[in-house]
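K.L.:
Going from the sequence shown to my numbering is simple: count from 1 and add 2.
Cβ atoms here follow ideal geometry from the backbone N, Cα and C, with glycine treated the same way.
Submitted below is the structure of interest, expressed as structure tokens.
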Amino acid sequence: MTTPVQAATTEVLEPAAAGSKTRGRRARVHAYQLLCVVLVLLLWSATTVSGLFTASSLPSPASVATEWLHLLGTPVFWQAVWDTLRGALAGLLLAGAVGVPLGLVTGTYAAAELSSRILVDFLRSFPVIALLPVFLLMLGSTPEMKSTVVFIACVFPIFLQAQYGARSVPPMISETVRAYRIPRLLRYTKVVLPSATPSIMTGLRLAATTSILVAIGVEILTTLPGIGHEVTQQQQNGNSAVAFGYIFTAGLLGYGINRGSMLLESILLRWRPPAHTA
3 MTTPVQAATT
13 EVLEPAAAGS
23 KTRGRRARVH
33 AYQLLCVVLV
43 LLLWSATTVS
53 GLFTASSLPS
63 PASVATEWLH
73 LLGTPVFWQA
83 VWDTLRGALA
93 GLLLAGAVGV
103 PLGLVTGTYA
113 AAELSSRILV
123 DFLRSFPVIA
133 LLPVFLLMLG
143 STPEMKSTVV
153 FIACVFPIFL
163 QAQYGARSVP
173 PMISETVRAY
183 RIPRLLRYTK
193 VVLPSATPSI
203 MTGLRLAATT
213 SILVAIGVEI
223 LTTLPGIGHE
233 VTQQQQNGNS
243 AVAFGYIFTA
253 GLLGYGINRG
263 SMLLESILLR
273 WRPPAHTA
């Protein structure tokens with residue numbers, strides 16, 4: 003027979019054991035991730051040593067690391083990072099301001115969703131880079147043009163996630179809201195928005211990473227300043243190690259934004275596990 007003291011001891015030990023297992027699992031995952039990075043670096047080093055590629059086309063990891071550390075102390079580097087972040091952030095904020103309200107409205111009203119479905123499916127399937135010559139003619143090679151392209155690339159993920167979140171309101175709650183004739187504004191702020199917030203946060207997280215990628219892509223294809231422009235310039239000048247340093251910076255920005263978005267999502271949505279998409 004289990005005594006009260008033994009039962010209480012068991013209740014204390016079980017969460018501790020579960021926490022220990024979780025920490026052990028995380029440690030193994032981090033070790034595997036580090037191992038993958040080391041293997042990639044070793045393969046990269048072996049490829050450069052083998053002579054399959056010239057140093058001008060594929061520099062060694064050591065030379066890239068040296069040039070990147072040197073870049074950190076130059077104002078040109080930080081100006082390029084700021085130019086990329088500024089264009090990406092402007093387009094992302096505008097996409098959120100447009101995509102979230104439209105997604106909530108079309109997700110709440112079936113008629114609005116059905117009416118806009120063909121147009122949305124067509125526009126979101128259109129490659130945004132193909133529109134770049136049109137925007138160059140309309141807006142010129144300006145920061146506003148870069149932000150516009152980022153906006154178009156980011157608005158649809160945010161819109162669709164907000165729409166999906168608005169549709170996730172349980173039917174019983176929707177019927178109760180209609181039965182009590184709750185005002186529309188109160189319905190959105192107290193019912194629809196809380197239910198859709200996890201999906202909206204997922205859309206914003208995906209769009210945040212996309213904004214950096216698109217901004218850099220626009221800079222590569224145009225003369226706009228930023229990380230992408232520096233990659234092209236350094237590659238044309240034969241400074242491939244510096245170009246790879248900027249490419250590494252772009253990867254760090256994308257990774258940092260994704261991790262920061264996940265952290266913000268976990269803080270804002272403590273009451274509910276964050277939504278994930280494929």
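(1) Which of the three DSSP states, helix, strand or coil, is assigned to P260?
(2) In chain order, what residues of the same chain lie with their CB nearer than 7 Å to the CB of A209, ignoring the 5 residues before and after it?
(3) Run through DSSP, which three-state label would Y185 get?
(4) I'd like to know if the segment 188-196 and the segment 236-247 are in contact, where contact means that at least 3 CB-CB pairs between them fall below 8 Å.
(5) Cα separation between T279 and T108?
(6) List the endpoints of the continuous alpha helix (DSSP H) containing G219.
(7) Decide yes or no for the touch test of the segment 160-174 against the segment 98-105: beta carbon pairs closer than 8 Å, at least 3 of them.
(8) If you pair each beta-carbon of the segment 217-230 with each one of the segment 71-89, do three or more pairs fall below 8 Å?
(9) Ignore the nearest five residues each way along the sequence and tell me which others in G256's own chain have a CB closer than 6 Å to its CB.
(10) Could you tell me if G89 is buried or exposed, where buried requires 16 or more neighbouring beta carbons within 10 angstroms of its beta carbon?
(11) Might you give, ordered along the chain, the residues of its own chain that have their beta carbon closer than 6 Å to the beta carbon of A252, omitting 5 neighbours on each side?
(12) Closest to M147 by C-alpha separation, out of L41, N239 and L226, would be which residue?
(13) On the three-state DSSP scale, how would you describe P145?
(14) Between R261 and T68, what straight-line distance do the alpha-carbon atoms span, to the nearest angstrom?
(15) The alpha helix (DSSP H) that contains I229, what's its start and end?
(16) Buried or exposed for M140, please, with buried defined as at least 16 other CB atoms from any protein chain shown within 10 angstroms of its CB.
(17) Output the distance between the C-alpha atoms of S149 and V216, rounded to the nearest integer angstrom.
P.N.:
Inspection of the coordinates gives the following:
(1) Start at 1 with the first residue of the sequence shown, and residue 260 comes out as number 258. The identity of residue 260 in the sequence shown is Asn, whereas the question assumes Pro. N260 carries a helical assignment under DSSP once its states are collapsed to helix, strand and coil.
(2) Position 207 of the sequence shown, counting from 1, holds the residue named residue 209. The residues are L94, A97, C156, P159 and I160.
(3) Looking up residue 185 in the sequence shown gives position 183. According to the sequence as given, residue 185 is Pro; it is not Tyr. P185: coil per DSSP, three-state reduction.
(4) Between the segment 188-196 and the segment 236-247, the count of C-beta pairs closer than 8 Å stays below three; the two stretches do not touch.
(5) The count along the sequence shown starts at 1 and reaches residue 279 at position 277. The count along the sequence shown starts at 1 and reaches residue 108 at position 106. Bear in mind that the predicted position of T279 carries a pLDDT of just 45, short of 50, making it unreliable; the figure below should be weighed with that in mind. Spanning the two alpha carbons is a distance of roughly 20 Å.
(6) Taking the sequence shown and counting its residues from 1, the one referred to as residue 219 is at position 217. That run of the alpha helix (DSSP H) goes L195 to L223.
(7) Because the criterion of three Cβ pairs below 8 Å is met, the segment 160-174 and the segment 98-105 touch.
(8) Touching, yes, given that three or more Cβ pairs across the two stretches are closer than 8 Å.
(9) In the sequence shown, the residue the question calls residue 256 occupies position 254. The answer, listed in chain order, is T211 and I214.
(10) Within the sequence shown, the letter at position 87 stands for residue 89. It is buried - the Cβ of G89 has at least 16 other Cβ atoms within 10 Å.
(11) Counting from one through the sequence shown, the residue named residue 252 turns up at place 250. Once the five neighbours on either side are set aside, the close Cβ partners of A252 are I218 and I229.
(12) Stepping through the sequence shown from its first residue, residue 147 is reached at position 145. Residue L226 is the option with its Cα nearest to M147.
(13) Indexing the sequence shown from 1 puts residue 145 at position 143. The answer is helix: DSSP assigns P145 an H, G or I state.
(14) Residue numbering aside, residue 261 sits at position 259 when the sequence shown is read from its first letter. Residue numbering aside, residue 68 sits at position 66 when the sequence shown is read from its first letter. Taking the straight line joining both Cα atoms gives about 26 Å.
(15) Here residue 229 corresponds to residue number 227 of the sequence shown, with the count starting at 1. Its alpha helix (DSSP H) spans residues I229 to Q238.
(16) Start at 1 with the first residue of the sequence shown, and residue 140 comes out as number 138. With a threshold of 16 other beta carbon atoms within 10 Å, M140 falls short and is exposed.
(17) Sequence index remark: in the sequence shown, residue 149 carries index 147 (1-based). Sequence index remark: in the sequence shown, residue 216 carries index 214 (1-based). Distance between the alpha carbons of S149 and V216: 9 Å.
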